[in-house]
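Number 363 marks the last residue of the sequence shown (this note's numbering); no jumps. These notes are about the structure you will find just below.
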Amino acid sequence: MSRYRDVLLFFTLALLWGGSFVAIEVGLDYYPPVLYAAYRFDVAALALLSYVLLTRDDPFPRTRGDLVAIGFSGGLSVAANNALLFVGQQYTTSGIASITYSLVPIATAAVAALWIGGADLDARGAVGVVLAFLGVGLVAQPDPANLGGGVAVGVGLIAVGVVAVAIGSVGLRTVETSFSSVALTGWAMGFGALAIHALSLGIGESQRLPAAAPPALLSLGFLGLLSSAVAYTIYFTLLDRLGPFEINLVSYVVPIVATVAGALLLAEPVTPFTVAGFVVIVLGFGLLKRREIADAAAGIRFPG
């Protein structure tokens with residue numbers, strides 16, 4: 060029964076994270092992009108920190124390691140990543156943005172190898188990393204005559220955000236914390252929301268209250284509550300049960316959800332280059348994680 064529950068949670072997580080790219084597209088019609096990202100984490104931090112304060116015996120950061128971890132996660136994985144994602148998604152479709160974002164496990168392995176050493180990144184693993192970034196190139200389809208605009212700019216910004224996530228994730232491995240992953244995520248979201256608001260003010264975005272139009276409220280509620288607070292709680296639950304390799308596979312279900320939802324709900328185009336780029340990224344991941352894939356396959360037991 061617990062295995063079926065984990066499968067249900069896995070696909071729920073994919074639906075919530077895949078739907079977030081569509082919700083971003085909808086909300087960008089009502090907000091400046093960085094302010095929209097800030098509002099997302101205002102809602103998420105309020106919800107998740109309320110949960111943490113009500114359910115945890117020791118919910119507050121107490122050590123220097125706690126503060127450093129909040130800085131890595133809130134400053135990079137939340138603030139830098141989402142500011143770049145929301146700005147970049149102005150130039151892309153939901154599907155293209157989500158496919159670019161599927162680089163996160165690959166970029167994290169590459170950063171880990173450079174920073175703390177990683178067994179994953181041997182010669183064939185390095186080829187897998189290069190292959191994945193070539194796949195992103197296929198998705199972006201850069202036009203040499205128009206490198207200052209279009210999809211290539213959006214994909215480039217989102218890819219920089221992916222690197223920020225990777226650095227933040229690896230940085231977390233270098234510090235010891237005294238509280239739970241869910242509590243850390245809540246405080247990181249709060250810190251990240253403040254940092255994004257400061258960035259929005261700093262770049263001169265028009266400041267406004269959340270829009271009252273139903274699509275704007277629904278998209279913000281979905282992003283803040285479901286695809287952030289609820290989804291990250293599911294993520295850490297599955298991380299404890301399944302381990303990092305299996306949970307990272309959600310990165311390759313999310314683009315399918317986002318692409319299909321974007322095509323059905325927003326009439327976004329899906330080009331052969333988009334599909335080919337995604338396939339190449341998945342092949343790069345397979346080459347990088349071939350040992351884990353082999354171990355997982357060896358552990359499968361069929362009746363008889």
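Backbone N, C-alpha and C fix where the C-beta goes; we use that ideal spot for every residue, glycine too.
Range of the contiguous alpha helix (DSSP H) that encloses residue i
| i | result |
| --- | --- |
| V234 | Taken as a continuous stretch (DSSP letters only), V234 belongs to no alpha helix (DSSP H), as it is neither H nor E. |
| A142 | 140–147 |
| D299 | 290–301 |
| V341 | 331–347 |
| G196 | 182–199 |
| F131 | 123–131 |
| L74 | 61–86 |
| V111 | 92–114 |
Assigned exposure category for residue i - 16 Cβ within 10 Å defines buried
| i | result |
| --- | --- |
| R64 | exposed |
| P331 | exposed |
| F69 | buried |
| G77 | buried |
| K348 | buried |
Own chain partners of residue i with C-beta closer than 6 Å, once the 5 adjacent residues on each side are dropped
| i | result |
| --- | --- |
| R62 | none |
| G363 | Confidence at G363 is low in this model, with a pLDDT of 46, below 50, so its placement is unreliable and no value can be given for it. |
| H256 | A97 |
Spatial distance of residue i from residue j (CA atoms)
| i | j | result |
| --- | --- | --- |
| T236 | L197 | 40 Å |
| A182 | A171 | 15 Å |
| F295 | I340 | 25 Å |
| A270 | S278 | 11 Å |
| Y89 | Y291 | 25 Å |
| V313 | A320 | 10 Å |
| I352 | L342 | 12 Å |
| F361 | G215 | In this prediction, F361 has a pLDDT of 44, which is less than 50 and means its spatial position is unreliable; what the coordinates show is noted afterwards. Whole-angstrom Cα-Cα distance: 44 Å. |
| V85 | L243 | 29 Å |
Residues near residue i in its chain [Cβ-Cβ closer than 8 Å; skip 5 each side]
| i | result |
| --- | --- |
| L67 | none |
| L122 | Per the sequence shown, residue 122 should be read as Thr rather than Leu. Taken in chain order, the residues that qualify are E235, T236, S237. |
Beta-carbon proximity list for residue i, same chain, < 7 Å, skipping 5 on both sides
| i | result |
| --- | --- |
| E327 | T152, S153, G154, G321 |
| E146 | Before going on, a small fix: residue 146 reads as Val here, not Glu. Result list for V146: P92, V93, L216, in chain order. |
Check: residue i C-beta below 7 Å from any heavy atom of the ligand NAP
| i | result |
| --- | --- |
| V93 | Ligands in the displayed structure: none, and consequently the ligand NAP is not present. |
Next item on the list: Just list the alpha helix (DSSP H) runs in the region 146–174, keeping only unbroken ones of 4 residues or longer that don't cross its boundaries, in chain order.
Entry: 153–160, 163–174
Check: Quick one: complete alpha helix (DSSP H) runs, 4+ long, within the region 246–286?
Finding: 273–280
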